[in-house]
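**Q** Below is a structure I'd like to ask you about.
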Amino acid sequence: QSLGCDEYLGSDKVMDKCGVCGGDNTACKVVSGVFKHTLMKVGYHKVVEIPEGATKINITEMIKSRNYLALRTRSGRSIINGNWAIDRPGKYEGVGTMFTYRRPNEISSTAGESFIAEGPTSEIADVYMIYQQPNPGVHYEFILPVENLISTQLPADRRSGDPLNGQLGVLDSSNPNREEYESPHSQGGGDYPGRNPKSHVPAALPPKRQRDYNWKQAGTTECTATCGRGSRFVIFRCVHRVSHEEVSDSLCDTGSKPSAEEEPCNVQACPAFWDIGEWSECSKTCGLGMQHRQVLCRQVYANRTLTVQPNRCQHLEKPETTSTCQLKICSEWQIRTEWSLCSVPCGVGQRSREVRCVSNVGDFVDDEECNMKLRPTDIENCDMGPCAKSWFFTEWGNRCSADCGVGVRSRSVLCMTNHISSLPLEGCGHERPAEVMACNNGLCESRVQWFTGSWSQCSAECGSGTQHREVVCLRKSEDSFTVLQPFECPSLERPPNQQTCNFKACGAKWYHTDWSSCSKSCEGGFRVREVRCLSDDMTPSDHCEAQLRPDERETCNTEPCVPEIDENCRDNYFNCNVVVQARLCVYNYYKAACCASCTRVANR
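Laid out in structure tokens, this is it:
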């Protein structure tokens, strides 16, 4: 015989779909349906609203597609797949319950994605579809309580071993309307989740009226966890059928004793705690440095440790995430010798000394172990005073300053240090050698000189402009002029052939920059430039003529595009449009995995 949901052997009572022992399915209602609307626009589309108090929630895509399911609260807070960000499969907490989000393997499975939750929900939640391709259908199902619903929790005064009185039903979350197993000892009844009736073959028993003793639940083992969902096993004792007095187990049929069933216990969440990571290495190999560690707020539930919001740990003092550290005392610089002699007997030279990095135990170590910013100098300049000096000069120049008649030739004369002779230190003396000397190229039969024309008109009608004139090299004879090449007038300074000119003030005028690059290489783009109205002193002005304002934007590259076909550039995944919409093409991995989609967007 199997144990009834009221914990009596042979009572034949079973849980109904509402979780009521011996109920008639009237304490709740199952809401289910299939969302098969035809969608046209890419984006979020509402599938169904999950009311407050819903349990046994199951939202499943009927066939695998490139669409995604999403969930958010009525206040707009995203729980799963919000803001165009696709979350990993896993557990997500929201609206008072824990949702399990599943996405089957994209290659080996044809099943669609889903999320389920035990409930009950504490507020309204909305289910959405992120539409990418034709909708294959989304099946939704959940249970809602009706008025005067018997509580699904154990009463506070219920003792271990008392009958359940039609309470604490558990419904299979994967299929609340599943067909229940019918045993030969019940009409319309069945097993409760977790039991396999086929594994219990009832022994041949005498009629019920001849049995004075039967097995009764007398308690449970100690829970394996004090919080966060543990497990325990039911304990059965042999009792008198009428008085329920506990007797020796030998008086009951051992073959009909129910097997110990495991059940959850202490399902309330454990208090959040600070999970402290290991300290990082010290930032300094010597002296005072810093080290860091990760401190996360964590909470244990269902044998899993989850990272939660830091405000759940606000009742605890948060451990420090940074700390000072010192591995050893730093080495220091020591000056080992005095300054050496200067490298030169006179003038400016260099001198040196020995500087070493010494550890705190007196050993010589590499310079990198000392602070390089505090290293004493080991080389410096030294001035030994002026050296003996002499006059230095070049050879006379070969060219006379005049092509004919009397001119001059020149040379350079310098007073410089002489490291060879031992002249007195008072300097080069006052008798400076001559830098020029007279020269004569004979009588001048003709004269070579620059001749200038008159200035041209100013290039600007207002403001600043330029004027030009002709400048030529001429040889003037007694009765003629001969035009020479410019290099034949070398000894004379050439007059300028250009000068600035200014008339009245121009007033405000339009100025503009060069055009920018075209926004597209083909099929019509645009380019822009900046236009400003400036006054004579180059300050912004409002007095320019509006009808003369240059264009700031114009079309460009209107010729049609010639696509470049790359046979190796293709999409490796069917949902590359999500990569494009999430703007992930800037990363090399997605640019390669979704080459075709990313290239089309770049061309646009």
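Going by full-length UniProt numbering, the first residue of the sequence shown is number 1, and it counts up by one from there.
Virtual Cβ for every residue (Gly too), placed ideally from N, Cα, C.
Is the separation between the beta-carbon of Q132 and that of V580 shorter than 8 Å?
**A** As a first step, residue 132 must be located in the sequence shown, where it is residue number 132. As a first step, residue 580 must be located in the sequence shown, where it is residue number 580. Against a cut-off of 8 Å, the Cβ pair of V580 and Q132 comes out as no contact.
**Q** Measure the C-alpha to C-alpha separation of G4 and V234 and round it to an integer number of angstroms.
**A** Counting from 1 along the sequence shown, the entry for residue 4 is found at position 4. Counting from 1 along the sequence shown, the entry for residue 234 is found at position 234. Between G4 and V234, the C-alpha separation is close to 14 Å.
**Q** Just to confirm, are R351 and E380 a CB contact at a threshold of 8 Å?
**A** The residue given as residue 351 occupies position 351 in the sequence shown. The residue given as residue 380 occupies position 380 in the sequence shown. For R351 and E380, yes; Cβs fall inside 8 Å.
**Q** Residue ranges of each beta strand (DSSP E) run of no fewer than 3 residues wholly in the region 320 to 390, ordered along the chain?
**A** List check, beta strand (DSSP E) in window: 322 to 325, 332 to 335, 348 to 352, 355 to 358 and 379 to 383.
**Q** How is the alpha helix (DSSP H) around C598 delimited, first residue to last?
**A** Within the sequence shown, residue 598 is the residue found at index 598, counting from 1. Start and end: C595 to N603.
**Q** Just to confirm, are Q467 and Q499 a CB contact at a threshold of 8 Å?
**A** Your numbering for residue 467 matches position 467 in the sequence shown. Your numbering for residue 499 matches position 499 in the sequence shown. Yes.
**Q** Reducing DSSP to helix, strand and coil, say where F142 ends up.
**A** To locate residue 142, count along the sequence shown from 1; it is residue 142. F142: strand per DSSP, three-state reduction.
**Q** Would a C-beta distance cut-off of 8 Å place C489 and C473 closer than the cut-off?
**A** Start at 1 with the first residue of the sequence shown, and residue 489 comes out as number 489. Start at 1 with the first residue of the sequence shown, and residue 473 comes out as number 473. The Cβ-Cβ distance between C489 and C473 falls below 8 Å.
**Q** Which residue or residues does DSSP assign as beta-bridge partners of F115?
**A** One-based indexing of the sequence shown puts residue 115 at position 115. Looking at the DSSP assignment, F115 forms a beta bridge with I59 and Y101.
**Q** Assuming contact is defined by CB atoms lying nearer than 8 Å, are Y541 and D571 in contact in what I supplied?
**A** As a position in the sequence shown, residue 541 is number 541, starting the count at 1. As a position in the sequence shown, residue 571 is number 571, starting the count at 1. Correcting the residue type first, residue 541 is Ser in the shown sequence and not Tyr. Not in contact: S541 and D571 (Cβ atoms no closer than 8 Å).
**Q** Return the chain-ordered list of same chain residues with a C-beta closer than 8 Å to the C-beta of R77, the five sequence neighbours on each side being excluded.
**A** Counting from one through the sequence shown, the residue named residue 77 turns up at place 77. G94.
**Q** Taking the Cβ atom as the reference point for each residue, do T558 and F526 lie within a distance shorter than 8 Å?
**A** For the purposes of this step, residue 558 is identified with residue 558 of the sequence shown, where counting begins at 1. For the purposes of this step, residue 526 is identified with residue 526 of the sequence shown, where counting begins at 1. No, these two residues do not count as a Cβ contact at 8 Å.
**Q** Using the Cα positions of T452 and R475, report the straight-line distance between them to the nearest angstrom.
**A** For the purposes of this step, residue 452 is taken as the residue at position 452 of the sequence shown. For the purposes of this step, residue 475 is taken as the residue at position 475 of the sequence shown. The alpha-carbon atoms of T452 and R475 are separated by roughly 13 Å.
**Q** Indicate whether E246 and R232 have their beta-carbon atoms separated by less than 8 Å.
**A** The count along the sequence shown starts at 1 and reaches residue 246 at position 246. The count along the sequence shown starts at 1 and reaches residue 232 at position 232. No, the Cβ-Cβ distance between E246 and R232 is not below 8 Å.
**Q** Rounded to a whole number of angstroms, what is the C-alpha to C-alpha distance between L154 and E317?
**A** Counted from its first residue, the sequence shown places residue 154 at position 154. Counted from its first residue, the sequence shown places residue 317 at position 317. Confidence at L154 is low in this model, with a pLDDT of 34, below 50, so the placement of that residue should be treated as unreliable; the coordinate-derived value is given next. Their Cα atoms are separated by approximately 36 Å.
**Q** Name the one or two DSSP bridge partners that Q231 has.
**A** Indexing the sequence shown from 1 puts residue 231 at position 231. With the sequence shown as reference, residue 231 is identified as Ser, and Gln is not the correct amino acid for it. DSSP output for S231 lists P264 as bridge partner(s).
**Q** From which residue to which residue does the beta strand (DSSP E) around C439 run?
**A** Here residue 439 refers to the residue found at position 439 of the sequence shown. Element bounds for C439: V436 to N440.
**Q** Determine, using beta carbons only, whether I57 and A117 come nearer to each other than 8 Å.
**A** Sequence index remark: in the sequence shown, residue 57 carries index 57 (1-based). Sequence index remark: in the sequence shown, residue 117 carries index 117 (1-based). Contact: yes.
**Q** Mind listing, in chain order, the continuous beta strand (DSSP E) runs of no fewer than 3 residues lying wholly within the region 12 to 40?
**A** 28 to 35
**Q** Any idea if residue 610 is buried or exposed, counting beta-carbon neighbours within 10 angstroms, 16 or more meaning buried?
**A** Missing from the structure shown is residue 610; the chain here goes from 1 to 604 and no further.
**Q** Considering only residues of the same chain and omitting the five flanking positions on each side of C297, which have a CB-CB separation below 6 Å?
**A** Residue mapping note: residue 297 aligns to position 297 of the sequence shown, counting from 1. Once the five neighbours on either side are set aside, the close Cβ partners of C297 are A272, V308, P310, R312 and C313.
**Q** By Cβ distance, which residues of its chain are closer than 8 Å to A582, with the 5 residues on each side in sequence left out?
**A** Locating residue 582 in the sequence shown gives position 582, where the first residue counts as 1. W84, A85 and I86.
**Q** N577 lies in the alpha helix (DSSP H); which residues open and close that run?
**A** Here residue 577 is taken as the residue at index 577 of the sequence shown, counted from 1. That run of the alpha helix (DSSP H) goes C576 to Q581.
**Q** Would M372 pass as a contact of T322 if the rule is Cβ separation under 8 Å?
**A** Counted from its first residue, the sequence shown places residue 372 at position 372. Counted from its first residue, the sequence shown places residue 322 at position 322. Cβ distance not < 8 Å, so M372 and T322 don't count as in contact.
**Q** For K591, name the three-state secondary structure that DSSP assigns.
**A** In the sequence shown, the residue the question calls residue 591 occupies position 591. Assignment of K591 by DSSP, reduced to helix, strand and coil, places it in the helix class.
**Q** Could you give the distance in angstroms between the alpha-carbon of P197 and the alpha-carbon of T55?
**A** The residue given as residue 197 occupies position 197 in the sequence shown. The residue given as residue 55 occupies position 55 in the sequence shown. The predicted position of P197 is uncertain, since its pLDDT is 36 and thus under 50; a value taken from the coordinates is nonetheless stated next. Straight-line Cα distance between these residues: approximately 26 Å.
**Q** Can you name, in chain order, every residue of its own chain whose Cβ lies under 6 Å from the Cβ of K504, other than the five neighbours on each side?
**A** The residue labelled residue 504 in the question sits at position 504 within the sequence shown. Counting only Cβ-Cβ distances below 6 Å, and skipping sequence neighbours, we find C462.
**Q** Measure from the C-beta of R583 to each C-beta in chain B and report whether the shortest distance is under 8 Å.
**A** Absent from the structure is chain B; it holds one protein chain and no more.
**Q** Please classify F393: is it buried, with 16 or more other beta-carbons within 10 angstroms of its beta-carbon, or exposed?
**A** In the sequence shown, residue 393 corresponds to position 393, counting from 1. So F393 counts as exposed.
**Q** Tell me whether K328 is buried or exposed, calling it buried when 16 or more other Cβ atoms sit within 10 Å of its Cβ.
**A** Here residue 328 corresponds to residue number 328 of the sequence shown, with the count starting at 1. Exposed: under 16 other Cβ atoms inside 10 Å.
**Q** According to the neighbour-count rule (16 or more other Cβ atoms, all chains shown, within 10 Å of its Cβ), is L69 buried or exposed?
**A** Residue 69 sits at position 69 when you count from the first residue of the sequence shown. That one is buried.
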